[in-house]
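**Q** So the sequence shown is residues 167 to 466, counted in my numbering.
By construction, the Cβ of each residue, glycine as well, lies at the ideal position given by its N, Cα and C atoms.
No experiment lies behind these values; they were computed from the predicted model shown.
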Amino acid sequence: MMVRSLNHVSIITPEQIRQQVIWCNEHIIFGGNTLFFNSWIMSNVLFVDDLIDKQGNIRHELIIHRLKGRSNWINEMFMLINALPTSWRDALKEAVIEDLELPPILVKLKGSALCKSIDMVTTKEYYWSIVSTKFVKPWITGKWETLLNCPCNWSQIWYNRTLSLTQERHLSNFRYKFLHDILPNGVNLYKWQVATNNRCEICDTKNDICHMFIDCKRVKPLWHKVELLLTNKLNYHVQVSLRTLVCGLNTHNKRVNLLIIIAMYTIYKSWLLYKDTSKLKTVCLLKMLNTEVKKRMDNE
Ligand SMILES: [Zn+2]
């Protein structure tokens with residue numbers, strides 16, 4: 167028996183290939199002969215489609231799972247793979263690529279003006295693109311530099327003026343929130359739809375981070391006290407400003423910058439403890455500052 171299913175078909179489609187009977191097919195030839203594996207036929211492996219997965223590959227494990235008699239399957243599999251026309255296998259794989267065709271993923275490498283398909287980018291090009299890419303600063307650093315109208319040394323701010331000063335989680339967490347401007351001041355509470363307005367209830371003015379820590383009349387005595395402590399105890403003269411709070415002070419004496427952070431934390435803690443405005447007005451920030459400083463700098 168010889169199956170002559172393709173004799174009159176000059177162009178065959180992948181779908182037609184899948185429908186071809188494997189056995190005794192004149193196009194599936196090994197050693198000059200068509201194939202006829204009885205155990206495969208009894209296992210209902212009849213068509214090319216039974217051999218090929220959706221990606222156009224011969225799936226050995228699926229075929230083995232179907233075969234009822236496996237005494238000579240390795241040899242038979244070898245014969246079958248070699249008997250299938252290469253043109254058929256290529257056509258089946260190409261058909262899958264066309265079916266699954268997705269929009270190309272475009273990438274723009276450093277130093278290149280044009281986008282390139284990701285398939286066309288070599289490993290070497292990726293490497294040099296990454297190596298030549300400079301570190302991108304968090305957006306908040308640009309915001310501070312605009313607000314302070316000067317560039318800031320951020321590695322110094324993050325490490326020398328924050329992490330190296332204290333092991334205390336409360337202080338480093340607070341400092342992180344301060345530098346990212348995510349503290350619960352009036353502006354943020356209003357933005358988060360927690361408050362009905364962004365005003366400071368003591369000064370009746372916009373309560374942004376600058377107001378909360380520097381401009382509010384509630385905190386003025388605290389900074390006056392801090393400036394006195396710095397002068398008298400640590401021999402450092404400064405008029406505290408928003409820049410002082412963000413960048414810290416240029417000194418090797420860690421206690422100077424630690425005192426600034428403790429004072430900032432005291433302001434923040436008072437807001438957390440006394441959300442009721444009437445209590446906030448009467449709370450003595452100087453007493454709180456004294457307590458917070460003593461906890462951490464008991465020599466002062
Ligand atoms: Zn205020």
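#1: May I ask you to list the residues that DSSP assigns as paired with residue 187?
#2: Per DSSP, residue 200 is paired with what?
#3: Any heavy atom of ligand 1 closer than 7 Å to the beta-carbon of residue 383?
#4: Would the beta-carbon of residue 427 fall within 8 Å of that of residue 337?
#5: Go ahead and pull the three-state DSSP assignment for residue 218.
#6: Ordered along the chain, which non-local residues of its own chain (more than five positions away) have a Cβ less than 6 Å from that of residue 343?
#7: Which of the three DSSP states, helix, strand or coil, is assigned to residue 407?
#8: CB residue 378 to CB residue 421, shorter than 8 Å?
#9: Since I believe residue 424 is in contact with residue 332 (beta carbons under 8 Å), could you give me their beta-carbon distance rounded to a whole number of angstroms?
#10: Could you check what DSSP says for residue 341 in three-state terms: helix, strand or coil?
#11: Short check: CB of residue 178 to CB of residue 249, under 8 Å?
#12: Under 8 Å by Cβ, that's how I've got residue 215 and residue 184 pegged, so tell me the actual separation to the nearest angstrom.
#13: State the CB to CB distance for the pair residue 391 and residue 455, rounded to an integer number of angstroms; the pair is presumed to be in contact (CB under 8 Å).
#14: Are residue 213 and residue 182 closer than 8 Å when you measure CB to CB?
#15: Do the CB positions of residue 314 and residue 409 come within less than 8 Å of each other?
#16: Pick helix, strand or coil for residue 323, following the three-state DSSP scheme.
#17: Sorted by chain position, which residues of the same chain lie with C-beta nearer than 6 Å to residue 242's C-beta, five sequence neighbours on each side aside?
#18: What number of angstroms, rounded off, separates the C-alpha of residue 252 from the C-alpha of residue 226?
#19: Return the first residue and the last residue of the alpha helix (DSSP H) that residue 230 is part of.
**A** Here's the rundown:
#1: Counting from one through the sequence shown, the residue named residue 187 turns up at place 21. In DSSP, residue 187 forms a bridge with 213.
#2: Within the sequence shown, residue 200 is the residue found at index 34, counting from 1. Per DSSP, 195.
#3: Position 217 of the sequence shown, counted from the start, is the residue given in the question as residue 383. Because some heavy atom of ligand 1 lies under 7 Å away, the Cβ of residue 383 counts as near it: yes.
#4: Counted from its first residue, the sequence shown places residue 427 at position 261. Counted from its first residue, the sequence shown places residue 337 at position 171. Yes.
#5: Working through the sequence shown from its first residue, we reach residue 218 at position 52. Strand.
#6: Taking the first residue of the sequence shown as 1, we reach residue 343 at position 177. For residue 343, where only same-chain residues beyond five positions count, the Cβ hits under 6 Å are 349.
#7: Residue 407 sits at position 241 when you count from the first residue of the sequence shown. Here residue 407 sits in coil by DSSP.
#8: In the sequence shown, residue 378 corresponds to position 212, counting from 1. In the sequence shown, residue 421 corresponds to position 255, counting from 1. Not a contact, by the Cβ cut-off of 8 Å.
#9: If you number the sequence shown from 1, residue 332 lands on position 166. If you number the sequence shown from 1, residue 424 lands on position 258. Right, their Cβ atoms sit about 6 Å apart.
#10: For this step, residue 341 is matched to residue 175 along the sequence shown. Reduced to three states, the DSSP call for residue 341 is helix.
#11: Position 12 of the sequence shown holds residue 178. Position 83 of the sequence shown holds residue 249. In this structure, residue 249 does not lie closer than 8 Å to residue 178 by Cβ.
#12: Translated into the one-based positions of the sequence shown, residue 215 becomes position 49. Translated into the one-based positions of the sequence shown, residue 184 becomes position 18. With a Cβ gap of about 4 Å, residue 215 and residue 184 count as contacting.
#13: Indexing the sequence shown from 1 puts residue 391 at position 225. Indexing the sequence shown from 1 puts residue 455 at position 289. At roughly 6 Å, the Cβ-Cβ gap stays under 8 Å, so residue 391 and residue 455 are in contact.
#14: For the purposes of this step, residue 213 is identified with residue 47 of the sequence shown, where counting begins at 1. For the purposes of this step, residue 182 is identified with residue 16 of the sequence shown, where counting begins at 1. In this structure, residue 182 does not lie closer than 8 Å to residue 213 by Cβ.
#15: Here the question's residue 314 lines up with position 148 in the sequence shown. Here the question's residue 409 lines up with position 243 in the sequence shown. Yes, the Cβ-Cβ distance between residue 314 and residue 409 is below 8 Å.
#16: On the sequence shown, residue 323 is found 157 positions in, with the first residue counted as 1. Residue 323: helix per DSSP, three-state reduction.
#17: One-based indexing of the sequence shown puts residue 242 at position 76. For residue 242, where only same-chain residues beyond five positions count, the Cβ hits under 6 Å are 203.
#18: Along the sequence shown, one-based indexing puts residue 252 at 86. Along the sequence shown, one-based indexing puts residue 226 at 60. Going by the C-alpha atoms only, they are around 17 Å apart.
#19: Position 64 of the sequence shown, counted from the start, is the residue given in the question as residue 230. Looking at the DSSP string, the run of the alpha helix (DSSP H) that includes residue 230 is 226 to 232.
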